[in-house]
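All remarks here apply to the structure that follows.
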Amino acid sequence: MKRELVEILEKQKFAYSFKEIKKLLGVSKQHKDEELKQMLKELELEGLVYEDKSGIFCNFPSNFFIAEIMETKKDQKYIEYEQEKILLSNESLKGALVFDQVIIAKTTKGFEVNKILKKNFPNVVCEVKI
Numbered sequence: 079m080k081r082e083l084v085e086i087l088e089k090q091k092f093a094y095s096f097k098e099i100k101k102l103l104g105v106s107k108q109h110k111d112e113e114l115k116q117m118l119k120e121l122e123l124e125g126l127v128y129e130d131k132s133g134i135f136c137n138f139p140s141n142f143f144i145a146e147i148m149e150t151k152k153d154q155k156y157i158e159y160e161q162e163k164i165l166l167s168n169e170s171l172k173g174a175l176v177f178d179q180v181i182i183a184k185t186t187k188g189f190e191v192n193k194i195l196k197k198n199f200p201n202v203v204c205e206v207k208i
């Protein structure tokens, strides 16, 4: 089913809603919805499919790539792109934290986080006052 969906998106170059993808793949049973959603999420993590803010799925744009947010010893956030460290401003992070897996958009202004795919912060330290 994964290959079939990727082939459909590559051939037709259209964007589809979740309902349209279900219809294209012939998924009619409701219990298969979660399986399909999981598959779409996996394809997005692999950089094969992109879901925009309105829930439309399409091929992964060529100016986007997947990266992990890293941090220097001076608390500056960066990503690695073509074996170079690219520093990111706080405005371009859009809420992403260190170790998050994100989609980065390469624009004329530079690099910025387009979407947070996966939160990977291993240790959260906080204090609760009662």
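In case it helps, this note's numbering puts the sequence shown at residues 79 to 208.
Glycine included, C-beta positions come from ideal geometry on N, C-alpha and C.
Keep in mind the model is a prediction, meaning the values are calculated, not measured.
7 Å Cβ shell around residue i - same chain, five flanking residues per side excluded
i	result
E88	N137
N192	F142, I181, I182, A183
Cβ-based neighbour list, residue i, same chain, cut-off 8 Å, excluding 5 preceding and 5 following
i	result
E120	K80
N141	A183, K184, T185
Separation of residue j from residue i, as counted between CA atoms
i	j	result
Q90	L83	11 Å
V127	I208	45 Å
L123	K115	12 Å
P200	L102	39 Å
Cβ separation of residue i and residue j, assumed to be a contact under 8 Å, to the nearest whole Å
i	j	result
D178	K196	7 Å
I144	I181	6 Å
Y94	I134	7 Å
Reduced DSSP category for residue i - H, G, I as helix; E, B as strand; rest coil
i	result
M79	coil
Short CB-CB distance (under 9 Å) between residue i and chain C
i	result
Y156	Of the protein chains in this structure there is only one, and it is not chain C.
Residues of its chain near residue i, where Cβ-Cβ distance is below 6 Å and the 5 sequence neighbours each way are ignored
i	result
S132	none
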